[in-house]
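Peer 1: Residue numbers (this note's numbering), protein chains in the order written: chain A, 876 to 1216; chain B, 876 to 1216.
In this text, a Cβ means the ideal position worked out from N, Cα and C, and glycines have one as well.
Number of protein chains: 2
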Amino acid sequence: MIRLVNLAKGVKNMTTIKDVAKRAGVSRTTVSRVLNDNGYVSQEAREQVLKAVQEMGYIPSAHAKTMRTKRSGVIGVILPRISTETASRVVNGIEQELAENGYQILLTNTQLKPEKEIENIKLLRSRQVDGIILLATNRNEELLQTIKETNSPFVALGQELEGVTSVVYDDYNAAFSIAESLISKGHQRIGFIGVQETDHAVGVLRKEGYKDAMKKHNLSIDEEWIQYGDFTFESGYEAAERLTSGTSMPSAILAVTDRMAIGALGCLKEKDIRVPEDMAVFGIGASDLSKHVTPALSTVDYFNEDAGRQTAQLILKQLKGKSLENQKIKLSYRLIERDSV
Amino acid sequence: MIRLVNLAKGVKNMTTIKDVAKRAGVSRTTVSRVLNDNGYVSQEAREQVLKAVQEMGYIPSAHAKTMRTKRSGVIGVILPRISTETASRVVNGIEQELAENGYQILLTNTQLKPEKEIENIKLLRSRQVDGIILLATNRNEELLQTIKETNSPFVALGQELEGVTSVVYDDYNAAFSIAESLISKGHQRIGFIGVQETDHAVGVLRKEGYKDAMKKHNLSIDEEWIQYGDFTFESGYEAAERLTSGTSMPSAILAVTDRMAIGALGCLKEKDIRVPEDMAVFGIGASDLSKHVTPALSTVDYFNEDAGRQTAQLILKQLKGKSLENQKIKLSYRLIERDSV
DNA sequence: CTGAAAGCGCTTACAG
DNA sequence: CTGAAAGCGCTTACAG
């Protein structure tokens, strides 16, 4: 009995390996062999196949291949936001390293919503990615749980996640170094613009670095000197407003991101507070912006592209079967002092 | 006779629809029906299935589904570079629109190499994307050919491609408007920083807009006033250097991108040429940078996010079977005049 | 309301 | 050196 299985209409019929085989006068097996360059194939058969492929514009179905081999050749990369300089640099690094090794990347975007991180991990799993890189922004329990269930190569970048291979920036020491640098220039009253603590790397570690540097030098911190923003220019602007309208104004500001630092710069300019004479400002991130703003912003370079590359290397190692369950890499950084201090 | 088909080792065995069916005590058909919510399923069967899915953490294989249905639910997006503000805004717009309609996006990156555009189109086809959006940077013949062979929903953004549904910025008029605005402020000697003509939109149309505005107002253009860069800050800097060291220096500069305009600003600052008193500067792109640089850069907003949204809508329409072979959409723009003029 | 079976497009162990 | 056939994990027309 013949049944017609009616597939979606209007779908162009792709040429398949079967068509190529027929045209070349060989079996599908042989076509597969020449395309994947494995197994013995006579010179003649090979030529016929290549010719047919060429003429028919044959493109093998990655899905069929993945399904059969359990390898997709793609690594999923989960970004908090697609639009940031940091993310793009990291992705560039990842892509370079991965492309050299024959992997592609599939980008997804959480729009900074923690629940989307989990959703995206599942999504990537359903697409059978061979590994996942997460640019992490938090460390909540449910996320950790989901990662553990994932059971395939996984590397987190930006936060140290318990039990997960992680590549992290040296947030604590970077902030510590900035504060010390400011102190060495004679500043005793240093204000701080941070972010909420759910982001452990940026929200907690950088703050601790700052606090500990102050403590080391026996400098006290007025509680009004610690302000918070949400990564935006505006929030930096507003934080600077608060820092400069209290009873005891600091002489320097350490903002945990360049964007907030530049927002702060905007506020200072408006209030005619001269930078660096009346107020020194330091950011973190080495954004393009930091270089072109006036006065040029002092900041710290996290070598994001290199971070991406190292993260990719870790995934690659796991792919090769090396278990790195709990490896941690801490990256280095570099202070860049410019006109704002 | 029993054969063992030996799949890649070390691959965790995913739970499949078959496992779920067994656990729930129903057939795969029924499982499929409840998961896709189509066809009749008894309340009891549904509950059993959902329970099993939950307990087993079952995630359906997107590949198997795509293979069977010929629909992947993903739209491929080809970007010239992942790192640009423009690209990220466009992607945000695309993603919003597409997500609302149940599509995901798969991003690829050409690193500005034209041959990679073609390569990426093929790649996306092999991954069975339901449609492709190309942020186009050139219009070479081979590219057009490849697009035509693609034979599935396709929209180009940024360049008008012959025979391809395209969404374009109003490059000609934007440049024209800038020049006229400068002229209306009394400038008669306007310099130009452009890019090579392989990028028709940016390289040709913006230059023509500028030239035609000058012509309309009977202003002649000294050939030294037309300089070229390659989208980088540095090239803008260097172009400005040439513009200010000739025999007849212009009193204003129109740079076709913000980055080059800001590079130019850097050069002017170094040479102590005051902006806007001695030299007005205008860019295009409304980058974050433009707002925060000093003096704040005048520029034109292309509403990139909206462009992304409209592009996505066009893909969506094609997906619904509407043929739009040759539709063209020209987007609007808005001049933003700030301190640099 | 439910299930057996075909088929999507590949790869690969096996037999020749 | 080559091919027939099984099987990857789904969906769906058909029969009950």
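Within the 8 Å Cβ cut-off, does B/ILE892 reach chain A?
Peer 2: Mapped onto the second sequence, residue 892 of chain B falls at position 17. It does not: the Cβ of B/ILE892 has no partner Cβ on chain A nearer than 8 Å.
Peer 1: Since A/VAL1168 and B/HIS1167 are thought to touch, with beta carbons under 8 Å apart, how far apart are those beta carbons, to the nearest angstrom?
Peer 2: On the first sequence, position 293 is the one that residue 1168 of chain A refers to. On the second sequence, position 292 is the one that residue 1167 of chain B refers to. About 5 Å; that satisfies the 8 Å criterion.
Peer 1: Please name the residue, chosen from B/ALA1049, B/LEU1129, B/VAL1004, that lies closest to B/LEU1206 on a Cα-to-Cα basis.
Peer 2: Mapped onto the second sequence, residue 1206 of chain B falls at position 331. Ranking B/ALA1049, B/LEU1129, B/VAL1004 by Cα distance to B/LEU1206 puts B/ALA1049 first.
Peer 1: In chain A, which residues lie with their C-beta within 7 Å of the C-beta of B/MET1135?
Peer 2: Against the second sequence, residue 1135 of chain B aligns to sequence position 260. In chain order: nothing, as chain A lies at least about 12 Å away.
Peer 1: With 16 as the cutoff for other CB atoms within 10 Å, does A/GLU1180 come out buried or exposed?
Peer 2: On the first sequence, position 305 is the one that residue 1180 of chain A refers to. Buried is the call here.
Peer 1: With H, G and I counted as helix, E and B as strand and the rest as coil, what does DSSP make of B/PHE1029?
Peer 2: For the purposes of this step, residue 1029 of chain B is taken as the residue at position 154 of the second sequence. Of the three classes helix, strand and coil, the one that applies to B/PHE1029 here is strand, per DSSP.
Peer 1: According to DSSP, simplified to helix, strand and coil, what is B/ALA920?
Peer 2: On the second sequence, residue 920 of chain B is found 45 positions in, with the first residue counted as 1. If DSSP states are grouped into helix, strand and coil, B/ALA920 belongs with the helices.
Peer 1: Distance cutoff 8 Å, beta carbons only. Does A/THR1012 sit that close to anything in chain B?
Peer 2: The sequence position of residue 1012 of chain A within the first sequence is 137, counting from 1. A/THR1012 does not count as touching chain B.
Peer 1: Using beta carbons (cut-off 8 Å, strictly below), is A/PRO935 in contact with chain B?
Peer 2: Residue 935 of chain A sits at position 60 when you count from the first residue of the first sequence. Taking Cβ atoms only, chain B reaches closer than 8 Å to A/PRO935, which makes this a yes.
Peer 1: For B/ASP1046, does the count of other Cβ atoms within 10 angstroms reach 16, so buried, or fall short, so exposed?
Peer 2: The count along the second sequence starts at 1 and reaches residue 1046 of chain B at position 171. With 16 or more Cβ atoms within 10 Å of its Cβ, B/ASP1046 is classed as buried.
Peer 1: Which stretch, first to last residue, makes up the alpha helix (DSSP H) that contains B/ILE934?
Peer 2: In the second sequence, the residue the question calls residue 934 of chain B occupies position 59. B/ILE934 -> no alpha helix (DSSP H), and no H or E assigned at all.
Peer 1: Check whether the Cβ atoms of A/LEU1164 and B/LEU1164 sit closer than 8 Å, and answer yes or no.
Peer 2: Working through the first sequence from its first residue, we reach residue 1164 of chain A at position 289. Working through the second sequence from its first residue, we reach residue 1164 of chain B at position 289. Going by C-beta atoms, A/LEU1164 is nearer than 8 Å to B/LEU1164.
Peer 1: Looking at the C-beta of A/LEU1032, does it have a partner C-beta in chain B at a distance below 8 Å?
Peer 2: Position 157 of the first sequence, counted from the first residue, corresponds to residue 1032 of chain A. So no, A/LEU1032 is outside the interface.
Peer 1: I want to verify the contact list: residues of chain B whose CB lies under 8 Å from the CB of A/GLN1003, in sequence order.
Peer 2: Your numbering for residue 1003 of chain A matches position 128 in the first sequence. Under the 8 Å cutoff, chain B gives SER936, ALA937, HIS938.
Peer 1: Helix, strand or coil for A/ASN984 per DSSP?
Peer 2: Here residue 984 of chain A refers to the residue found at position 109 when the first sequence is read from its first residue. Three-state result, A/ASN984: strand.
Peer 1: Rounded to the nearest angstrom, what separates A/ARG1014 and A/LYS1023 at their Cα positions?
Peer 2: Stepping through the first sequence from its first residue, residue 1014 of chain A is reached at position 139. Stepping through the first sequence from its first residue, residue 1023 of chain A is reached at position 148. Cα to Cα, A/ARG1014 sits roughly 13 Å from A/LYS1023.
Peer 1: May I ask you to report which of helix, strand or coil DSSP gives A/ALA1130?
Peer 2: Position 255 of the first sequence, counted from the first residue, corresponds to residue 1130 of chain A. In this structure, A/ALA1130 counts as strand in the three-state DSSP scheme.
Peer 1: With distance defined between alpha-carbon atoms, name the residue in A/ILE892, A/THR890, A/VAL1216 nearest to A/GLU1055.
Peer 2: Here the question's residue 1055 of chain A lines up with position 180 in the first sequence. The shortest C-alpha separation from A/GLU1055 is found at A/VAL1216.
Peer 1: Alpha carbon to alpha carbon, how far is B/VAL1070 from B/PHE1106? Give it in angstroms, no decimals.
Peer 2: Walking along the second sequence from the start, residue 1106 of chain B turns up at place 231. Walking along the second sequence from the start, residue 1070 of chain B turns up at place 195. Rounded to whole angstroms, B/PHE1106 to B/VAL1070 spans 7 Å at the Cα level.
Peer 1: Give a yes or no on whether the minimum CB-CB distance between B/ILE993 and chain A is below 8 Å.
Peer 2: Sequence index remark: in the second sequence, residue 993 of chain B carries index 118 (1-based). No, B/ILE993 does not count as interfacial toward chain A.
Peer 1: Under the three-state reduction of DSSP, which class applies to A/ASP1176: helix, strand or coil?
Peer 2: If you number the first sequence from 1, residue 1176 of chain A lands on position 301. Residue state, collapsed to three classes: strand.
Peer 1: Rounded to whole angstroms, how far is the Cβ of B/LEU1191 from the Cβ of B/GLN1202, which I believe are closer than 8 Å?
Peer 2: Position 316 of the second sequence holds residue 1191 of chain B. Position 327 of the second sequence holds residue 1202 of chain B. Going by Cβ atoms, the distance from B/LEU1191 to B/GLN1202 rounds to 13 Å, so no, they are not a contact pair.
Peer 1: Which same chain residues end up closer than 6 Å to A/SER1162 when comparing Cβ atoms and leaving out the 5 residues on each side of it in sequence?
Peer 2: Taking the first sequence and counting its residues from 1, one reaches residue 1162 of chain A at position 287. Result list for A/SER1162: GLU960, ASP1133, in chain order.
Peer 1: List, in chain order, every chain B residue whose beta-carbon is nearer than 8 Å to that of A/MET1154.
Peer 2: Taking the first residue of the first sequence as 1, we reach residue 1154 of chain A at position 279. What A/MET1154 touches in chain B: nothing, since even the nearest Cβ is about 16 Å away.
Peer 1: Whose C-alpha, out of B/VAL965, B/GLY977, B/TYR1085, is nearest the C-alpha of B/GLY1033?
Peer 2: Along the second sequence, read from residue 1 onward, the residue named residue 1033 of chain B stands at position 158. Cα-wise, what sits closest to B/GLY1033 is B/VAL965.
Peer 1: Keeping to the same chain, check which residues put their C-beta closer than 8 Å to that of B/PHE1051; ignore five residues upstream and five downstream.
Peer 2: Translated into the one-based positions of the second sequence, residue 1051 of chain B becomes position 176. The residues are GLY1084, TYR1085, ASP1087, ALA1088.
Peer 1: Given that a residue counts as buried once 16 or more other Cβ atoms are within 10 Å of its Cβ, and exposed if not, what is A/ARG1209?
Peer 2: As a first step, residue 1209 of chain A is located in the first sequence; it is residue number 334 there, counting from the start. Answer is exposed; the Cβ neighbour count stays below 16.
Peer 1: The region 959 to 980 of chain B: which residues have C-beta closer than 9 Å to a C-beta of chain A, in chain order?
Peer 2: Of all residues in the region 959 to 980 of chain B, THR959, GLU960, ALA962, SER963, ARG964, VAL966, ASN967, GLU970, GLN979, ILE980 have a Cβ within less than 9 Å of some Cβ in chain A.
Peer 1: Mind checking which residues open and close the beta strand (DSSP E) that includes B/VAL1077?
Peer 2: Within the second sequence, residue 1077 of chain B is the residue found at index 202, counting from 1. Segment: none, B/VAL1077 is in no beta strand (DSSP E) and carries neither H nor E.
Peer 1: Where does A/ILE1148 fall in DSSP's three states?
Peer 2: Within the first sequence, numbered from 1, the residue matching residue 1148 of chain A stands at position 273. In the structure shown, A/ILE1148 sits in coil (DSSP, three-state: anything other than H, G, I, E or B).
Peer 1: List the whole-angstrom C-beta distance separating B/VAL1222 from B/ARG903, where the pair is believed to meet the contact cut-off of C-beta under 8 Å.
Peer 2: Nothing can be reported for residue 1222 of chain B, as the shown portion of chain B is limited to 876 through 1216.
Peer 1: Spell out whether any CB of chain A is found under 8 Å from the CB atom of B/ASP1163.
Peer 2: Locating residue 1163 of chain B in the second sequence gives position 288, where the first residue counts as 1. Chain A contact via Cβ: present.
Peer 1: Give the single residue among A/GLU930, A/ASN911, A/GLU922, A/ASN913 whose Cα lies nearest to the Cα of A/ASP894.
Peer 2: Locating residue 894 of chain A in the first sequence gives position 19, counting from the first residue. Of A/GLU930, A/ASN911, A/GLU922, A/ASN913, the residue nearest in Cα terms is A/GLU930.
Peer 1: Where does B/PHE1106 fall in DSSP's three states?
Peer 2: As a position in the second sequence, residue 1106 of chain B is number 231, starting the count at 1. Three-state result, B/PHE1106: coil.
Peer 1: Using the beta-carbon of each residue, which ones in chain B are nearer than 8 Å to A/MET942?
Peer 2: Working through the first sequence from its first residue, we reach residue 942 of chain A at position 67. What A/MET942 touches in chain B: SER936, HIS938, ALA939, MET942.
Peer 1: Does any C-beta atom of chain B lie closer than 8 Å to the C-beta of A/ARG1000?
Peer 2: For the purposes of this step, residue 1000 of chain A is taken as the residue at position 125 of the first sequence. Interface residue, yes.
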